[in-house]
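Have a look at the structure below, then the notes.
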């Protein structure tokens, strides 16, 4: 298994190629966050066919999927499949843990070409709560220091698709400052997994 998960895309090499903008843009499209500032200036690796960034949101969603599918497999009596899925969830939970930044108090995306952390924050940085792959203490810090931070995500309308203090927030174009219900719903579900996070909201 790869150490980290990153969004990627392959050249289809067919008639659709003429309608495809670039492999970089195709990888961004795969994320569902087409023009998110998180991917600005992140190069595309033509050898791995992925963006050079370990993605907190992608890894969290993959972990959640593995855990959910493992539960289904157990119910169906498919023990080998359940074991493999649980193994994958455990592996990427450990890898996701390496993206926690103790100083900043949140999980950060990481450039795979330079090893540098990305400090551009979006709701996807909260997704480890959705995957139940963070500690209560980590969840509490994310909620206190970032969700309730009016310079980042808190305000009359929550949560914007990129932190309010990001230079791209005022672009107000798709994933550059606008608010999208699915992201908010996923973060809300993550909060429901973390008792201390729920207490913060009461």
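In this note's numbering, the protein residues as written are 57 to 258. By construction, the Cβ of each residue, glycine as well, lies at the ideal position given by its N, Cα and C atoms. Predicted model, so just to flag it, every value in this text is computed and none were measured.
Among residues of its own chain, excluding the 5 on either side of residue 208, which ones have a beta-carbon nearer than 8 Å to its beta-carbon?
Close CB contacts of residue 208 within its chain, under the 8 Å cut and outside five residues either way in sequence, are with 177, 202, 219, 220, 221 (chain order).
Do you know offhand how far residue 129's Cα is from residue 144's?
Whole-angstrom Cα-Cα distance: 14 Å.
Here's a check: name, in chain order, each residue in its chain whose Cβ is nearer than 7 Å to the Cβ of residue 111, leaving out the five neighbours to either side.
Sequence-distant Cβ neighbours of residue 111 in its own chain, meaning closer than 7 Å and more than five residues away, are 61, 62, 63, 165.
Sort out for me which residues DSSP pairs residue 101 with in a bridge.
DSSP, once it has assigned bridges, lists 106 as partnering residue 101.
By alpha-carbon positions, which one of 173, 167, 168 ends up nearest to residue 160?
Residue 173 holds the alpha-carbon nearest to the alpha-carbon of residue 160 among 173, 167, 168.
Is the beta carbon of residue 251 sitting closer than 8 Å to the one on residue 192?
Yes, the Cβ-Cβ distance between residue 251 and residue 192 is below 8 Å.
Using CA coordinates, which residue listed in 132, 103, 198, 224 is at the minimum distance from residue 266?
Within the shown structure, residues of the chain are numbered from 57 to 258, placing residue 266 beyond reach of any answer.
Straight-line Cα distance separating residue 123 from residue 138:
Each residue's Cα considered, the two are about 9 Å apart.
Measuring alpha carbon to alpha carbon, tell me which of 113, 81, 65 ends up nearest residue 186.
The shortest Cα separation from residue 186 among 113, 81, 65 belongs to 113.
What residue does the alpha helix (DSSP H) around residue 63 start on, and which one ends it?
Here residue 63 belongs to no alpha helix (DSSP H), and DSSP marks it neither H nor E.
Alpha carbon of residue 175 to alpha carbon of residue 217, nearest angstrom
Between residue 175 and residue 217, the C-alpha separation is close to 14 Å.
Which residue or residues does DSSP assign as beta-bridge partners of residue 156?
Answer is 163, bridged to residue 156.
8 Å Cβ shell around residue 104 - same chain, five flanking residues per side excluded
These residues qualify, in order along the chain: 62, 64.
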